Every structure is written in C-alpha cells, then in structure tokens.
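> So that we are looking at the same thing, I have put the structure below in structure tokens.
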Amino acid sequence: MPAFSRLDALEAESIYIFRETLAAFRRPVMLYSIGKDSSVLLHLLRKACFPARPAMPLLHVDTTWKFREMIAFRDDIAAAGDVELRVHTNEEGVRQGISPLTHGSVVHTDVMKTQGLKQALEKYGFDAAVGGARRDEEKSRAKERVFSFRNAQHRWDPKSQRPELWSNFNTHIYKGESVRVFPLSNWTEMDVWQYIRRESIPVVPLYFAKSRPVVERDGALIMVDDERFVLREGEQVQMRKVRFRTLGCYPLTGAIPSEADTLDKLIDEMSASRSSERQGRVIDHDGEASMERRKQEGYF
Amino acid sequence: MTAPSLGGIPSLLRFITCGSVDNGKSTLLGRLLYDTGALPDDQLEALTRDSRRLHDDAPTALDFSLLTDGLDAERQQGITIDVAYRYFQTARRSFIVADCPGHEQYTRNMATGASHAEAAVVLVDARKGLLPQTRRHTYLCALLGIRQIVLVVNKMDLVGHGEGVFAGIAQAYRELAQSLGFGDVKALPVVALTGENVSHRSERMGWFQGPTLLEWLETAPSASGQAGEFRMPVQWVNRIDSSTRGYAGTLCGGSVAAGDDIVVQPAMKRARVQRIVTADGDLARAWAGQAVTLVLDRELDISRGDVLADAANPAPVSDQFAAHIVWMGDEALLPNRTYWLKVGTRTVNARVTAIKHKVDVDTGAELAARRLELNDVGYGNIDLDHPMPFEAYRDNRDLGGFILIDRQTHATVGCGMLDFALRRAGNLHWQHLDLDKDARSVTKGQRSRCLWFTGLSGAGKSTVANLVERRLHALGYHTYVLDGDNLRHGLNKDLGFTDEARVENVRRVAEVAHLMVDAGLIVLVCVISPFASERRFARELFDEDEFVEVFVDTPLEECERRDPKGLYRKARAGDIRNFTGIDSPYESPGSPEIHLLAGGRRAEQLAEDVVAYLIEGQGIR
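Residue numbers (the numbering used here), protein chains in the order written: chain A, 19 to 318; chain B, 4 to 624.
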C-alpha cells in the first residue's frame, strides 16, 4: 500500500468537493480572484474535470483597482483557452467614482466587491460559487462550512448553517438560494505554497520579491501601481525590495520587505515568519469582528 | 472523512477535543497552537491586548481561550456554539483539530466533529474527576467510530501535582472507556496553562514517565481506508472523448487495478476496468482516498449514486436497516415521516419505521421513545424506497454513515450509522401479477385517479367529495371515497391525534388509496392531512397525473362558525388537544392541482369545478 502525503490527501479532498459541486448544482461558477489560492483552485478544477475541460466558468469581480500585473496574469489565463472567464464590474460604483483612496476600504470593498459579486451572481443565475477561502485565514472562518448556505439575499446566517458530517454534503437548495463552496477549507497557507511548488503552478509575479515603487502609509507599504495614486504631503516614493503575501486592490494591500525572489526562498521565509497572512490587508483591521460582519452581508 | 479525505495518510491526523470550557479545553488548544508556532505575531499581539482588556485581575496572563472562540456572538456569551477547525504542525505530523463545544448542542456538534476525526482528546478537571459529560463525550466518540482516545487530566497544579489524584481518575476512566469498547487508554497529567506535559515534560510531575500530549498525537496510529474490498461511489459522469464516458469518484475502500472485474451496484451489472484516468497520467492501480476517473470496457447505464465494487466481493444491498440516529433538527424526528437519506453519493427517500429506544448519553441507559428530539441519540429501523449498496458503519464510514435531510426546509436534520440490514428485505419478494393497473381500468372505461382532498376540519372536504362521487357515479365512473373519519373507526382506530399518529394515519390512507388506484378506481380521499411532508409522501406513491391534490380552502373563522361536529368548541374549551388550526398547525399546499376557494361558494359549485377538471382537463375516460 502506498503512503500518501498530506498534499495528496488535501488534493483528493478538494477534487471531491469540486465534483460534488459539478454534480449537484445547475449553474456553478468558480470565483477567480487571480491570487495564489485562485491559481491552486483552477489547477484543482482542471484535475477534477480531466480529461474534459473545466466544466464551470470562471468569474472575476473586477474592482478596477487590481494591480496591473494581476490583470495581465488573468488575461493570460483566459488566453489558455480551456476556461471561460467572465469579468464583472459594478458599473454603478464606477459611475459614482468609488475609490479606495477617497472612500476608504470599507465603502470601496462593499460597493465594488460585495455588491459587484451579488450583481454578477444574480445576472448569470449562478447557484453555487466556488471560492478559495481557507479556515486558517481568520478566526471567524474557522467555523465556515465547506458548502456554506446563503439565502436569496446572499446573506450568511451563522445560526442556519447545516452541520457537515464526513464528506457527506447536503447540496439541496431552492431556486434563488445559493451556496458558496470552499474546496480549500482544510488547506493552510503553507500547504498552498508547497502545492504550488510541487505542481509548478504559475502565480502572479507580485508574490516574489523585487524592487518596486512604494510609499509608507498608515504603517503599511503601499505600491504605487498607477497614476491614480495621489501622494499625501510628506510621502515619498521609494524603491524597495518587497513582495506581497496576499493580493487585492493595490491601495489596500500592504507589501512586506523581502529578499524571497524564488519559490524556495519564499517557502523558507514563510517557515521562519511569525506574522499572519492577512496582516497586509487594510480592510481586516476595521474594527473587531469585521470579517464576520462582512460575511453576513455577502462578502466572500 | 475516513476514505475520500484521509485514505490512511500517516502524515496527517485529524482529531477532536472534547470537554467544556471549564475544563480548560480552549486553553489547551490555544497552548498547542502557541507551542507549535501556529500563532503568528500579530495574532499573539491581539491576544495579549484582549487578555488584558478582559482580565483586569491578571494583566500579564494570556487567555488562550480567546484564540479559539471565533464568532462575535460566542465571544459575548463566552461560550463556543459551533465546531471550529484549527491547523498546526510539528516536524513529524500535520494536524486538523475539530474543536467541539462542551455545553450547548453538544451532541450535534460532537457528532459533527467526531465524524471528521480519527482520534479524540477527552479533557477532565483534576479537581472534579469524571463527570456525566465525560461519559457522554466518550460514548459519542465510540458511536462515531473513533478508536484512538487519550484522557487529559488538566489543572494538575490545582491538586498539588499529586500522583494519587491522577492515578485514581486514570483508573476510573480506563474502566469507563473499556465498557464502551475502547482498549487500553492512555491518560496524561497536564497543566494546559503552562504547557506542562502538553509540549514539554513537567518537572513538577517527575513521577510521570510520559509521553506528552504532543508526542501522543504525533505517534497515534491513523485510520486506514485501504483495507477491505474495492468500493467507489460514482460521483459525477465525465466525458473522456466524444464516444467514451468516465466515472469520476473517490475510492472509499480497497484498491482497483486496470483489468479488474467490477460490478455496478445496485443493478449488479458487470464490467471490466479499462483505464484509471487522472490528470497526472493513467494509474495501474488506485487506492482508497484517491480521486480518479474509471473507464470501463463496455457501455452501461451508470449514474451518480451507483457504487462500483469488486465483482467477487460486492457490497451488500438492502432497503431496510437497523441504525443509530443522532437527531439534529429543531423539529422532532417523527416515525414514518419521509426524509431524504444521503449515503455516499446516493440520495433516497427514507422513513424511520420504528424507534427501538433512545440513549441517555450521560448514563448509557436505553429509554423508550416515540420520537427523537434535538440532540437525542436513538436506535431504530429505517426503510428506504429503493435498495442501495452499503457497508456497516464500523467497516466503512463512507458507505455506512448517512445524513437525513428535511424535504421541505432542506436542512440537515440528522445523521446516522448503519448497523446491519434487516433480513426482511431479502426474504420478501414482490409477487408478479399478469394484470396491471391499465388492464383493470380499461375494463371500467376510465383512467384511475387519486383525488386528495385536504383542508381544515369543517372545510367541506367530505361534503364536496360526496357530491363529486355522486356526479361521477351518475356518469358511469367507478369510484370510492376514503374518508378520514370513517377510517378511524376501523383501519386506523389504534391511532390518536399526536403528530406521530397523524403521520401514520396519512401513510395508511395513502397506501390504501394506492391499492385502489391500482385496482382501476377513481379514489376520493378526505383527510385533513395537515403536513406538507405527508401529502408529498402520498403524491410520490402515484404516477404523474394520477394524483390530484384538491385544497378545500375555507378560512378558519368560517370552519369554526360552521363547526358541524362541535369540535372547535371543544378544542377552544381545552377538551380536545392537538386540534388542527387551534393548537396544531396546518401547512397550506403550495401548488395544489385544484384550489377551491371555498369561502362564499356553494358545495355544488365546488364539486362542479372538480368534475370539470377531471373530465375536461384530464380526460379520464
């Protein structure tokens, strides 16, 4: 009998979850956010469907504030031709000129991300949305289900979640209701990187250290990615060797100083690291239990 | 998740922690995370800050319990109300911990957590020793098939690190665990707050030879799903190329190789495995825990829910089982009500036909029960509408563990563990008869139907049905009226009016109506049938178009004004209990075939509507 590694077990579990989704829902979609978790998700979706092509489309909710390298990476993925990528932007938000720089992270995230996602789910009638959230990311996610039920208003009610036993998932919903599906629930950040290395999965180069133009703002290193970024008084753009641990909207995503310019160095750096992954995310710090509240409102 | 997720991987252990916050369970878990470096600096900072804010009395101590009490609501109430999953690793192993709360909803949450675990850490307070909840936790671990268990005697500092206290508790627990089927159980004296015997040896308890909890976890044997015969529930049907189908699934037992003979269950059709396809290339052999796609040597009708099994040793197939059930629904489990039962990838209709007993999880006593309430554990018989392949839960969690789903709300209301198949299914055969329903109804010059009149007492169901029957009879149709009240004088005279009895009442009436339709008759059923679930059960006995639901929709005030049998008066006076519309609910049909708004219209008009629907709308001749 062969011995399977931890990564083998996690991979098999995720493929199982993808196939349950494909078999049980009418219109599943994979939410593609361009980050490392999305890269792993897409890789697993391809494996789950092999040798057929991925049997669900990808959806990117574009807030118009993603790093340029992320958009280029996304377009390369779409050009591979085996997946159908749909991009949705909250045009109402664009018309209102919502920006993380002027409206702050809370309003920007709500309008461009949460509302944008709801619009897209309704527009296409998706009944299952697969996402890359992991339970180790944040305290309120530790209790998240693999198949997380949302009512017709896309709301998450911690009290109405279904108990999940074994790998026996209850996928029954009424029309209008939906589920969010998390195949990476049991993965840790380290698992994700080790799997990326083992499977040679391409990721956005922003994860690797490189000299980049940044400013220090509110204790974070923010990269000046385009001309929309307005310097405040006293701020100076400096070239620093930095990388990103998570990727989101560039004005809301803090970089970390790092020398890790290869995957091996990155994993070594992580093993020694004592700070958590979401630390660079500006939105998570807006008040205690903010993640839980946003989830109830329909944020991923 | 024994097989699909674990498949016997030595480097990953899933375990569960049981005990209450008072035992220091959250502290123990926080300690494990802290000592294995799973806590990043910023989380540690937040912890220090929160500890200081909440404990003015001990500003420097870390309150590790704050790490694991995740949800807002919980932190305010100071209790954990749902299962949380945590992750940490040592150089030797990775761990996934299901953290189960000790107080509220304990049975439901513990069953959930234990279903994901191979090992259990049971926690007691050295000052208190074994409590009723210790037995409860151990019983539930045994019920859910956990074989590795360790007792952690916490707060040893508060009993002077005394060896005698520890030895007494350890011995008592060994006896308890053995009575529940566990072998030799290790016990550890621990101080979670300081990490003594958690991650490092305790100097103050030099009398204890070890191991530490971490060492125990690193070396506990993990379950292997690779033993046993080949089993794979078909999860999803894939396309290999334009002419070939592949059957995607995760093996939940044994192994399979290209060239092996397999059988498709429950249909028992045989085939040979041609290829084992994965994205990393074809495999010569696949093992339990692996997600693959099988290609067979011939075209068969195979769909999700079928089980592929070793041809020489297929899984047993049955439609009647004895099983343990853990009830998780807010509404009680009622015998004979139909639920969806999901095992593997197959979902079938199921009824609990008899509750043998329920278990007092604190004492182990078996108690008589007519229903199961939230957090009850019971043992009973289950009847399915289709035979399915299965394994006893003790042999295979994936083909022996099931969930029960409410067909109206879609909530997961229970889970269960199949024990064994009841023999009846194998010995009872369906006698083939040459004549069928069509033959019988053709000689009557009609198509048989079941008209199901539902509505409140006094709504006019029997009055309208009587008129409809007279009219149909006059036109030469062959009919019969099954009246709920009349049946209670005979067939159903043993039944009362509790929810359980109402469910059984409707089931019997529906089965009799089904026989009469089979005999070629047009049957008019008049029963209040207040629950949507049972009306649905009745509907599903019949072919499409054969069942016509007639909702006699008379407002409650009107029924009460008429009160033809004086029952509403008695119910209002409290002389009758469980009266529909008064102290027992009526669930209105969502989309009946015929909706009779009976308020201001005469019964003759309503009857005409029904007759017109049958003759003009459905063409029953």
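By construction, the Cβ of each residue, glycine as well, lies at the ideal position given by its N, Cα and C atoms. Just so you know, these numbers come straight off a predicted model, no measurement behind them.
For S118 of chain B, decide whether its Cβ has a neighbour in chain A, counting only Cβ atoms nearer than 7 Å.
Counting from 1 along the second sequence, the entry for residue 118 of chain B is found at position 115. Chain A, which has a Cβ nearer than 7 Å to the Cβ of S118 of chain B, makes this yes.
> Return no unless some Cβ of chain A is closer than 7 Å to the Cβ of G493 of chain B.
On the second sequence, position 490 is the one that residue 493 of chain B refers to. By this cut-off, G493 of chain B is not an interface position.
> So is M331 of chain B in contact with chain A if we call contact Cβ pairs under 7 Å?
As a position in the second sequence, residue 331 of chain B is number 328, starting the count at 1. Interface flag for M331 of chain B against chain A is set, since a Cβ pair is found closer than 7 Å.
> To which residues of the same chain is D100 of chain A closer than 8 Å at the C-beta, ignoring the five residues directly before and after it?
Numbered from 1 along the first sequence, position 82 holds the residue referred to as residue 100 of chain A. Taking D100 of chain A as the centre and dropping the five residues before and after it, the same chain places the C-beta of R64, R71, P72 closer than 8 Å to its C-beta, in chain order.
> With a 10 Å radius around its C-beta and 16 neighbouring C-beta atoms as the bar for buried, classify P192 of chain B as buried or exposed.
As a working mapping, residue 192 of chain B is identified with position 189 in the second sequence. Taking every protein chain shown into account, the CB of P192 of chain B has 16 or more other CB atoms within 10 angstroms, so this residue is buried.
> According to DSSP, which residues form a beta bridge with P275 of chain A?
Position 257 of the first sequence, counted from the start, is the residue given in the question as residue 275 of chain A. Secondary-structure assignment with DSSP links P275 of chain A through a beta bridge to A:V260.
> Considering only the beta carbon of each residue, do N241 of chain B and G249 of chain B sit closer than 7 Å?
Looking up residue 241 of chain B in the second sequence gives position 238. Looking up residue 249 of chain B in the second sequence gives position 246. Cβ distance < 7 Å, so N241 of chain B and G249 of chain B count as in contact.
> Look at the alpha carbon of I82 of chain B and the alpha carbon of S218 of chain A, and state the distance between them as a whole number of angstroms.
Taking the first residue of the second sequence as position 1, residue 82 of chain B is located at position 79. Taking the first residue of the first sequence as position 1, residue 218 of chain A is located at position 200. Note that I82 of chain B scores 46 on pLDDT, short of 50, meaning its location in the model is unreliable; the coordinates nonetheless yield the value given after this. Answer to the nearest angstrom: the Cα atoms are 43 Å apart.
> Of all the beta strand (DSSP E) runs that stay within the bounds of the region 317 to 362 of chain B, which reach a length of 3 or more residues?
320 to 330, 341 to 346, 349 to 362
> Mind checking which residues open and close the alpha helix (DSSP H) that includes E234 of chain A?
Numbered from its first residue, the first sequence carries residue 234 of chain A at position 216. Taken as a continuous stretch (DSSP letters only), E234 of chain A belongs to no alpha helix (DSSP H), being part of the beta strand (DSSP E) at 228 to 235.
> Roughly how many whole angstroms lie between the Cα atoms of V222 of chain A and C255 of chain B?
By one-based count along the first sequence, residue 222 of chain A stands at place 204. By one-based count along the second sequence, residue 255 of chain B stands at place 252. When rounded, the distance between both Cα atoms is 37 Å.
> Apart from the five residues on each side of it in sequence, which residues of its chain come closer than 6 Å, Cβ to Cβ, to A574 of chain B?
Numbered from its first residue, the second sequence carries residue 574 of chain B at position 571. Excluding residues within five positions, the ones whose Cβ falls inside 6 Å are F582, I585.
> Under 7 Å, CB to CB, which of the residues in the region 226 to 258 of chain B have a partner in chain A?
Q229, Q238, W239, N241, R242, I243, A251, T253
> When you compare only the Cα positions, how much space is there between H598 of chain B and T457 of chain B?
Translated into the one-based positions of the second sequence, residue 598 of chain B becomes position 595. Translated into the one-based positions of the second sequence, residue 457 of chain B becomes position 454. The straight-line gap from Cα to Cα measures roughly 10 Å.
> What in chain B is Cβ-close to L40 of chain A, meaning under 8 Å?
For this step, residue 40 of chain A is matched to residue 22 along the first sequence. Within chain B, the residues near L40 of chain A are W239.
> Is the Cβ-Cβ distance between A227 of chain A and S276 of chain A less than 7 Å?
Here residue 227 of chain A is taken as the residue at index 209 of the first sequence, counted from 1. Here residue 276 of chain A is taken as the residue at index 258 of the first sequence, counted from 1. Taking 7 Å as the Cβ cut-off, A227 of chain A and S276 of chain A qualify as a contacting pair.
> Taking only three categories from DSSP, how would you classify V242 of chain A?
Position 224 of the first sequence, counted from the start, is the residue given in the question as residue 242 of chain A. Correct three-state label for V242 of chain A: coil.
> Distance check for P533 of chain B and G523 of chain B, CA to CA, integer angstroms please.
Your numbering for residue 523 of chain B matches position 520 in the second sequence. Your numbering for residue 533 of chain B matches position 530 in the second sequence. Going from the Cα of G523 of chain B to the Cα of P533 of chain B covers about 27 Å.
> Looking only at its chain, what residues have a beta carbon closer than 7 Å to the beta carbon of D333 of chain B, apart from the 5 residues adjacent to it on each side?
The residue given as residue 333 of chain B occupies position 330 in the second sequence. So the qualifying residues of the chain are L377.
> Please indicate yes or no: does the CB of D398 of chain B lie closer than 6 Å to some heavy atom of the ligand ZN?
Summarising the ligand content, the structure contains no ligands, and the ligand ZN is consequently not present.
> For a minimum of 4 consecutive residues, which ranges assigned as the alpha helix (DSSP H) are wholly contained in the region 15 to 57 of chain B?
If we require 4 residues or more, the alpha helix (DSSP H) runs fully inside the region 15 to 57 of chain B come out as 28 to 38, 44 to 57.
> Who are the near neighbours of S202 of chain B in its chain, counting only those whose CB is closer than 7 Å to its CB and skipping five residues on each side?
Along the second sequence, one-based indexing puts residue 202 of chain B at 199. So the list reads D38, T215, L217, once near-sequence residues are dropped.
> Can you tell me where the beta strand (DSSP E) with M288 of chain A in it begins and where it stops?
In the first sequence, residue 288 of chain A corresponds to position 270, counting from 1. No beta strand (DSSP E) contains M288 of chain A, which is instead part of the alpha helix (DSSP H) from 281 to 290.
> State the Cα-Cα distance for the pair L284 of chain A and T110 of chain B, rounded to the nearest angstrom.
Translated into the one-based positions of the first sequence, residue 284 of chain A becomes position 266. Translated into the one-based positions of the second sequence, residue 110 of chain B becomes position 107. Approximately 43 Å, taken between the alpha carbons.
> Cβ of L183 of chain A within 7 Å of Cβ of S118 of chain B?
Locating residue 183 of chain A in the first sequence gives position 165, where the first residue counts as 1. Locating residue 118 of chain B in the second sequence gives position 115, where the first residue counts as 1. Taking 7 Å as the Cβ cut-off, L183 of chain A and S118 of chain B qualify as a contacting pair.
> By how many angstroms is the C-alpha of V259 of chain B removed from the C-alpha of I33 of chain A?
Here the question's residue 33 of chain A lines up with position 15 in the first sequence. Here the question's residue 259 of chain B lines up with position 256 in the second sequence. Using only the alpha carbons, I get a separation of about 19 Å.
> Just by C-beta distance, which residues in the region 126 to 156 of chain A are closer than 7 Å to chain B?
R153, D154
> What three-state label does DSSP hand C103 of chain B in the structure shown?
As a first step, residue 103 of chain B is located in the second sequence; it is residue number 100 there, counting from the start. C103 of chain B falls in the coil class under three-state DSSP.
> Rounded to the nearest angstrom, what separates W205 of chain A and S97 of chain B at their Cα positions?
As a first step, residue 205 of chain A must be located in the first sequence, where it is residue number 187. As a first step, residue 97 of chain B must be located in the second sequence, where it is residue number 94. Going by the C-alpha atoms only, they are around 11 Å apart.
> Which class does G81 of chain B belong to by DSSP, given the choice of helix, strand or coil?
Looking up residue 81 of chain B in the second sequence gives position 78. Low per-residue confidence applies at G81 of chain B: pLDDT is 47, beneath 50, and the placement is therefore not dependable, though the value from the model is reported in the following sentence. Coil.
> Looking only at C-alpha atoms, which of A:D282, A:F167, A:E87, A:L270 sits nearest to Y213 of chain A?
As a position in the first sequence, residue 213 of chain A is number 195, starting the count at 1. Considering only alpha carbons, the answer is A:D282.
> Per DSSP, what are the beta-bridge partners of S258 of chain B in this structure?
Numbered from 1 along the second sequence, position 255 holds the residue referred to as residue 258 of chain B. BP columns for S258 of chain B point to B:W290.
> Look up N169 of chain A in the DSSP assignment and say whether it is helix, strand or coil.
Within the first sequence, numbered from 1, the residue matching residue 169 of chain A stands at position 151. Of the three classes helix, strand and coil, the one that applies to N169 of chain A here is coil, per DSSP.
> Could you tell me the distance, in whole angstroms, from the CA atom of A428 of chain B to the CA atom of S321 of chain B?
By 1-based counting over the second sequence, the position of residue 428 of chain B is 425. By 1-based counting over the second sequence, the position of residue 321 of chain B is 318. Note on A428 of chain B: pLDDT 49, under 50, position unreliable in the model; the coordinate value appears next. Using only the alpha carbons, I get a separation of about 6 Å.
> Does the region 246 to 256 of chain A come close enough to the region 89 to 96 of chain A that 3 or more CB-CB pairs lie under 8 Å?
no
> According to DSSP, is K189 of chain B part of a helix, a strand, or is it coil?
In the second sequence, the residue the question calls residue 189 of chain B occupies position 186. If DSSP states are grouped into helix, strand and coil, K189 of chain B belongs with the strands.
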